[in-house]
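Protein chains in written order, with this note's numbering: chain A, 309 to 874; chain B, 3 to 255; chain C, 15 to 336.
Below: the structure, in structure tokens.
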Amino acid sequence: MSRANVRPADYPPPFSAAEAIATPTDPPDERVDVGILIVGAGPAGLAAAIRLGQLMDEDPATAERLGEVPVAVLEKGKAPGAHLLSGAVVNPRGIQRLFGDRLRVADIPSFGEVHGESVYFLTPNIATRIVTPPTMKNERNVVFSLSQLGRWLAERAEEGGATILAETDAQKLLVDHGRVLGVRTGDKGRGRDGEELARFEPGSDIAARVTILAEGTQGHLTGAALERFGLQGANPQVWALGVKEVWKVARPLDRVIHTMGWPLRGGRKYREFGGSFVYPMGPDMLTIGMVVGLDHRDVQLSVHDLLQELKTHPRMRDILDGGERVQWGAKTIPEGGFVSLPRRFNAPGLLLCGDGVGLVNVPALKGIHYAIESGRLAAEAAWRALARGSSHRALATYDAALRESFVWRELREVRNMRQAFGRGFWMGSMAAGIATATKGRFPPKDKPTERDADQELIRTGRAARYPAPDGRLTFDKLSSVFLSGNRTRDDQPNHIRVQRRVPLDLAEAWARMCPAQVYEVGPSDGQGTVEVEVAPSNCVQCGAITAKGGRLTPPEGGSGPEYTLT
Amino acid sequence: MKIAVCVKAVPDAATGRRLDPATKHLDRSADLTLSDFDSHAVEEALKLKEAAGDGEVVIVSMGPEKAMDALRKALAMGADRAVLVSDEALAGSDLVGTAKALAGALGREEADLVLFGQQSADGDGACLWAAVAEHLRRPTISQAAELTVEDGSVTGKRQTEFGYDTIRAPLPAVVAVSDAINEPRYPSLKGIMGAKRKPQETLSAADVGGAADAATTVLALNPPPARGDSRRVEDDGHGAQAILEFLAEKRLV
Amino acid sequence: MAKILVFLEHHGMELQKGALGVLSKAAQLGGDIAGVVVGKGARAVADEAGKFGASVVFAADDPRLAAPLPQPRVDVLAKLVRDEGFETVLFAQSVLAADVAGALSARLEAGLNWDLVDIVADGDGFIGKRPALADSVYADVCWTSTPRLALFRSGSFDANATGGSAEVRGLEVELEDFSTLTELVSQEEEEESTGPSIEDADVIVAGGRGLGDPEKFALVEDLARALGGAVGATRAVVDAGWYPYASQVGQTGKSVSPKLYVAVGISGAIQHKVGMQSSNVIVSINKDPNAPIFEYSDLGVVGDLHEIVPKLTELVRSRKGS
Numbered sequence: 309m310s311r312a313n314v315r316p317a318d319y320p321p322p323f324s325a326a327e328a329i330a331t332p333t334d335p336p337d338e339r340v341d342v343g344i345l346i347v348g349a350g351p352a353g354l355a356a357a358i359r360l361g362q363l364m365d366e367d368p369a370t371a372e373r374l375g376e377v378p379v380a381v382l383e384k385g386k387a388p389g390a391h392l393l394s395g396a397v398v399n400p401r402g403i404q405r406l407f408g409d410r411l412r413v414a415d416i417p418s419f420g421e422v423h424g425e426s427v428y429f430l431t432p433n434i435a436t437r438i439v440t441p442p443t444m445k446n447e448r449n450v451v452f453s454l455s456q457l458g459r460w461l462a463e464r465a466e467e468g469g470a471t472i473l474a475e476t477d478a479q480k481l482l483v484d485h486g487r488v489l490g491v492r493t494g495d496k497g498r499g500r501d502g503e504e505l506a507r508f509e510p511g512s513d514i515a516a517r518v519t520i521l522a523e524g525t526q527g528h529l530t531g532a533a534l535e536r537f538g539l540q541g542a543n544p545q546v547w548a549l550g551v552k553e554v555w556k557v558a559r560p561l562d563r564v565i566h567t568m569g570w571p572l573r574g575g576r577k578y579r580e581f582g583g584s585f586v587y588p589m590g591p592d593m594l595t596i597g598m599v600v601g602l603d604h605r606d607v608q609l610s611v612h613d614l615l616q617e618l619k620t621h622p623r624m625r626d627i628l629d630g631g632e633r634v635q636w637g638a639k640t641i642p643e644g645g646f647v648s649l650p651r652r653f654n655a656p657g658l659l660l661c662g663d664g665v666g667l668v669n670v671p672a673l674k675g676i677h678y679a680i681e682s683g684r685l686a687a688e689a690a691w692r693a694l695a696r697g698s699s700h701r702a703l704a705t706y707d708a709a710l711r712e713s714f715v716w717r718e719l720r721e722v723r724n725m726r727q728a729f730g731r732g733f734w735m736g737s738m739a740a741g742i743a744t745a746t747k748g749r750f751p752p753k754d755k756p757t758e759r760d761a762d763q764e765l766i767r768t769g770r771a772a773r774y775p776a777p778d779g780r781l782t783f784d785k786l787s788s789v790f791l792s793g794n795r796t797r798d799d800q801p802n803h804i805r806v807q808r809r810v811p812l813d814l815a816e817a818w819a820r821m822c823p824a825q826v827y828e829v830g831p832s833d834g835q836g837t838v839e840v841e842v843a844p845s846n847c848v849q850c851g852a853i854t855a856k857g858g859r860l861t862p863p864e865g866g867s868g869p870e871y872t873l874t
Numbered sequence: 003m004k005i006a007v008c009v010k011a012v013p014d015a016a017t018g019r020r021l022d023p024a025t026k027h028l029d030r031s032a033d034l035t036l037s038d039f040d041s042h043a044v045e046e047a048l049k050l051k052e053a054a055g056d057g058e059v060v061i062v063s064m065g066p067e068k069a070m071d072a073l074r075k076a077l078a079m080g081a082d083r084a085v086l087v088s089d090e091a092l093a094g095s096d097l098v099g100t101a102k103a104l105a106g107a108l109g110r111e112e113a114d115l116v117l118f119g120q121q122s123a124d125g126d127g128a129c130l131w132a133a134v135a136e137h138l139r140r141p142t143i144s145q146a147a148e149l150t151v152e153d154g155s156v157t158g159k160r161q162t163e164f165g166y167d168t169i170r171a172p173l174p175a176v177v178a179v180s181d182a183i184n185e186p187r188y189p190s191l192k193g194i195m196g197a198k199r200k201p202q203e204t205l206s207a208a209d210v211g212g213a214a215d216a217a218t219t220v221l222a223l224n225p226p227p228a229r230g231d232s233r234r235v236e237d238d239g240h241g242a243q244a245i246l247e248f249l250a251e252k253r254l255v
Numbered sequence: 015m016a017k018i019l020v021f022l023e024h025h026g027m028e029l030q031k032g033a034l035g036v037l038s039k040a041a042q043l044g045g046d047i048a049g050v051v052v053g054k055g056a057r058a059v060a061d062e063a064g065k066f067g068a069s070v071v072f073a074a075d076d077p078r079l080a081a082p083l084p085q086p087r088v089d090v091l092a093k094l095v096r097d098e099g100f101e102t103v104l105f106a107q108s109v110l111a112a113d114v115a116g117a118l119s120a121r122l123e124a125g126l127n128w129d130l131v132d133i134v135a136d137g138d139g140f141i142g143k144r145p146a147l148a149d150s151v152y153a154d155v156c157w158t159s160t161p162r163l164a165l166f167r168s169g170s171f172d173a174n175a176t177g178g179s180a181e182v183r184g185l186e187v188e189l190e191d192f193s194t195l196t197e198l199v200s201q202e203e204e205e206e207s208t209g210p211s212i213e214d215a216d217v218i219v220a221g222g223r224g225l226g227d228p229e230k231f232a233l234v235e236d237l238a239r240a241l242g243g244a245v246g247a248t249r250a251v252v253d254a255g256w257y258p259y260a261s262q263v264g265q266t267g268k269s270v271s272p273k274l275y276v277a278v279g280i281s282g283a284i285q286h287k288v289g290m291q292s293s294n295v296i297v298s299i300n301k302d303p304n305a306p307i308f309e310y311s312d313l314g315v316v317g318d319l320h321e322i323v324p325k326l327t328e329l330v331r332s333r334k335g336s
């Protein structure tokens with residue numbers, strides 16, 4: 309093993325959050341006016357939209373005040389669900405609280421309740437069953453495809469009166485006099501060098517009384533807002549990268565499986581925190597994925613290839629034998645938990661919810677029900693702001709509601725577990741076990757997080773063990789990108805901000821890290837650095853680069869993956 | 003000037019364009035979008051309306067109820083009205099039945115100009131429009147790569163295998179535009195949001211003259227013929243020769 | 015015997031290859047095959063058709079048919095089909111033929127199956143073979159009534175001169191009033207020197223990263239010129255600025271299905287494959303024996319393209335010159 313003497317943080321991206329903030333510029337007759345604007349048609353955003361629909365129904369007088377378009381939801385993907393990816397074994401609590409008596413969870417298209425589960429510790433050839441950690445118990449939880457759930461929630465939101473605008477990216481947060489006034493959407497029809505093509509259409513200002521950001525992991529405007537309004541918490545956010553596949557299988561999988569250990573290395577110096585999951589999706593499909601913290605240090609660590617390696621384990625081969633891969637995708641997960649939460653979730657005219665602000669229970673691998681609950685609470689706060697007319701204090705009630713909710717309580721209980729794993733697998737497990745047993749009372753102090761980009765890179769020749777793709781069980785990255793449904797227009801501006809001349813080790817780290825083969829190591833310049841070649845149309849917008857020295861910004865609306873089963 | 007644009011809502015490529023093995027027809031359960039070829043026709047209609055200073059652009063289509071979502075995309079681009087012929091009795095219509103129904107709907111509109119996209123992305127080839135034009139008994143121009151309307155007639159630059167023909171027809175006329183004619187605009191956000199409020203009408207089979215029996219059917223779906231063995235050759239100085247012989251064998255040189 | 019009529023398109027004084035191909039196929043199906051030629055010089059070219067299997071050729075040489083416009087031809091064909099009782103009418107794809115076939119279908123209320131690549135006898139009728147969904151599936155299609163109209167994809171059949179002669183009969187022409195409203199104002203023939211566009215080309219030679227640098231595209235262009243084809247490029251080289259986007263073949267570029275696709279220095283990732291996999295014949299040259307493109311090529315040559323391509327260009331030129 310050798311040390312590379314470089315940290316991704318040494319080469320920060322050519323980007324400043326101020327670029328994503330602007331004052332309104334469209335004249336009133338060109339701008340679009342809506343009542344409440346929600347950015348992101350994921351579980352948080354759609355929960356907010358659905359709750360607002362319910363409130364509009366109960367109180368038509370206030371609904372009037374919202375104007376012709378009372379609720380608008382912006383979605384940068386081709387359609388709701390196109391950019392949604394998760395496991396997912398969902399705690400139905402969030403959905404139940406959202407719909408109340410109006411609907412039963414059983415009425416929502418899903419892959420059924422969890423019928424059994426096992427947790428394994430893997431070595432290259434053996435799977436040893438271990439006792440399921442209490443945080444990972446999944447009784448009464450339901451297996452969903454988040455992409456499908458998103459499509460279904462979008463239909464309910466529209467029924468409730470929301471307008472969903474797909475293929476629409478929110479590029480800038482409109483702020484004036486310290487108050488959020490809405491967003492500006494991105495241009496369409498620019499060429500590679502930013503030039504206006506024949507079909508160029510400029511973006512629009514969307515003005516709203518309240519803006520709810522539900523952008524998901526690495527939210528573009530959320531990041532800018534946290535900085536602009538000084539909302540960051542005590543600790544930096546950290547992320548993991550999840551890469552998963554959906555398979556048609558010959559034999560049904562009878563249980564939810566989680567694994568730890570191989571192919572990840574437990575030694576402290578590697579910082580390879582994570583594991584894998586295999587979830588049944590009905591009788592003839594399943595999903596298998598690998599999740600690894602982005603604080604990993606090895607230059608050659610590729611979560612995409614670790615997933616391929618995982619599948620060569622005899623137990624996994626068995627499960628997948630006779631099957632066929634039908635979909636693939638990748639997305640980051642915020643892992644800082646409680647200690648990385650913002651210190652405030654609101655600003656004048658603005659509310660923040662979901663993965664964008666890190667509401668994820670890492671040991672339980674659950675965030676969807678938190679996203680839904682936070683979206684619901686945000687909707688109620690926004691409604692209060694509009695009903696009572698004194699928006700500033702009304703929006704602050706969102707924070708209070710969040711702190712009183714089960715979301716807050718649970719996150720606090722598990723707050724130090726992830727950080728424990730920074731000390732290696734065995735130390736981490738022990739620490740996590742103690743934290744669980746004491747319901748978070750021990751260790752008493754909040755353990756700090758360290759930024760992913762601050763980890764110094766090391767080289768170990770890890771890539772030699774990745775399996776060569778055979779096209780049946782294991783695959784190369786371009787084939788995977790194809791199965792994400794990605795057919796992004798090529799001649800548009802590069803949406804990825806990253807330094808283009810960096811040391812070889814960093815360039816290689818990016819090339820390996822990215823599951824979609826966006827980065828490639830280019831020619832060396834003879835001065836110790838190499839060129840970084842970027843193929844932005846491969847990008848599935850997972851967000852990994854933002855954690856490791858670059859910055860993902862939203863490309864033209866409608867670009868990126870077209871997930872349907874993830 | 004009233005311009006009718008005849009479009010088809012097709013399954014969006016990524017959400018899975020597939021043939022339903024049970025009915026052997028296009029599986030229409032996925033999201034429907036405006037066919038790429040038809041977008042060029044919609045764009046051309048909008049340009050002609052803008053050049054004339056006024057007029058009306060009506061979108062006419064036949065399909066399941068869901069197809070209205072795709073027609074709204076045309077409304078978002080700037081069209082004024084949408085008319086959808088939607089009736090169980092017409093599901094699975096072939097070219098003969100579809101042409102009749104569309105002609106029935108277009109007949110009601112009595113447009114000065116009817117535009118089609120030259121080809122439908124999901125299978126109508128280049129023929130449907132000609133059948134519709136025949137029912138309407140109007141002069142036609144196909145494969146138009148350029149179009150102008152002046153003094154009661156339409157002039158088109160028609161692309162053929164041999165070059166370009168300049169063709170003129172008096173209005174009312176039917177024109178099929180090629181995809182070289184323009185770059186369809188992205189709808190503005192205001193356009194997208196305004197689309198819902200524009201008039202959208204649904205017609206039944208009875209409104210357009212009834213359903214016709216299919217004159218063609220699909221009997222079976224088969225996998226494509228296997229590619230055949232692939233030959234591999236290591237170049238030992240004779241690689242080029244090997245290729246030439248192969249091409250000669252296949253009568254490609 | 016099913017009575018088959020083949021629409022024989024001509025340009026100048028030549029019957030089109032595609033139409034002759036369909037005629038040859040019809041001759042194989044058996045029975046007395048008739049052809050119809052419409053337009054200026056119809057009688058003169060009608061004789062040719064006999065060599066390709068027609069026993070009788072109807073020629074309509076009226077001056078009102080001089081311009082290559084579809085609607086008058088529909089009138090001629092409709093009358094002919096009704097007068098002679100033809101049960102099956104075959105067309106070879108062309109801009110004109112597609113227009114005629116579509117309108118004729120409406121005029122006669124006759125079923126039309128298009129984009130066919132083959133047709134076989136089935137009892138008293140026929141079954142057509144039709145690729146669908148980017149050629150990923152082949153459908154068997156048929157007609158439930160007569161007359162049957164069939165439009166065949168370009169290049170489906172080779173023209174086979176089997177000798178023989180045809181009886182040529184003139185046709186009286188009656189045109190509908192709306193059929194003569196469209197007029198031809200002028201014509202511009204395209205010169206061959208610009209080469210076919212990538213969408214229409216029968217041959218495409220495409221270059222990828224294996225070329226090494228943008229200058230090497232000259233090798234690709236030379237071979238394309240020698241074969242009379244168009245030049246294609248992969249996304250990687252277009253991204254790198256080596257060739258314009260208009261030439262990009264692949265999932266996010268153009269979809270092509272030429273008779274011959276020569277892939278030079280292309281590894282063949284699936285994004286490229288889906289843009290050209292339905293090409294009739296695929297030949298690839300790459301120095302990496304594990305390149306995925308070899309799995310779906312009809313002929314793969316493992317070697318140095320910088321040596322093989324210029325040599326191949328030379329060989330093609332001398333063969334064509336001879």
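Note that the Cβ used here is the ideal one computed from N, Cα and C, for glycine as well.
Just to confirm, is the Cβ distance from residue i to residue j under 8 Å?
| i | j | result |
| --- | --- | --- |
| VAL90 of chain C | ALA73 of chain C | no |
| SER292 of chain C | SER271 of chain C | yes |
| ASP562 of chain A | GLY424 of chain A | yes |
| ILE520 of chain A | ILE346 of chain A | yes |
Are the C-beta atoms of residue i and some chain A residue less than 8 Å apart?
| i | result |
| --- | --- |
| TYR310 of chain C | no |
| VAL252 of chain C | yes |
| THR176 of chain C | no |
| MET70 of chain B | no |
Check the DSSP bridge columns for residue i and list the partner residues they point to.
| i | result |
| --- | --- |
| PHE429 of chain A | A:THR436 and A:MET568 |
| MET598 of chain A | A:VAL551 and A:SER584 |
Of all the CB atoms in chain B, is at least one closer than 8 Å to the CB of residue i?
| i | result |
| --- | --- |
| ARG121 of chain C | yes |
Taking the beta carbon of residue i as the centre, do at least 16 other beta carbons fall within 10 Å, making it buried, or is it exposed?
| i | result |
| --- | --- |
| ARG19 of chain B | Residue placement at ARG19 of chain B is poorly supported in this model, since its pLDDT is 49, which falls under 50; the coordinates still yield a value, given next. The residue is buried, with at least 16 neighbouring Cβ atoms inside 10 Å. |
| LYS384 of chain A | buried |
| GLN42 of chain C | exposed |
| GLY348 of chain A | buried |
| LEU873 of chain A | buried |
Between residue i and chain C, is any beta-carbon pair separated by less than 8 Å?
| i | result |
| --- | --- |
| PHE581 of chain A | no |
| PHE118 of chain B | no |
Give the interface partners of residue i over in chain A, defined as CB-CB distance under 8 Å, in chain order.
| i | result |
| --- | --- |
| TYR259 of chain C | ASP798 and ASP799 |
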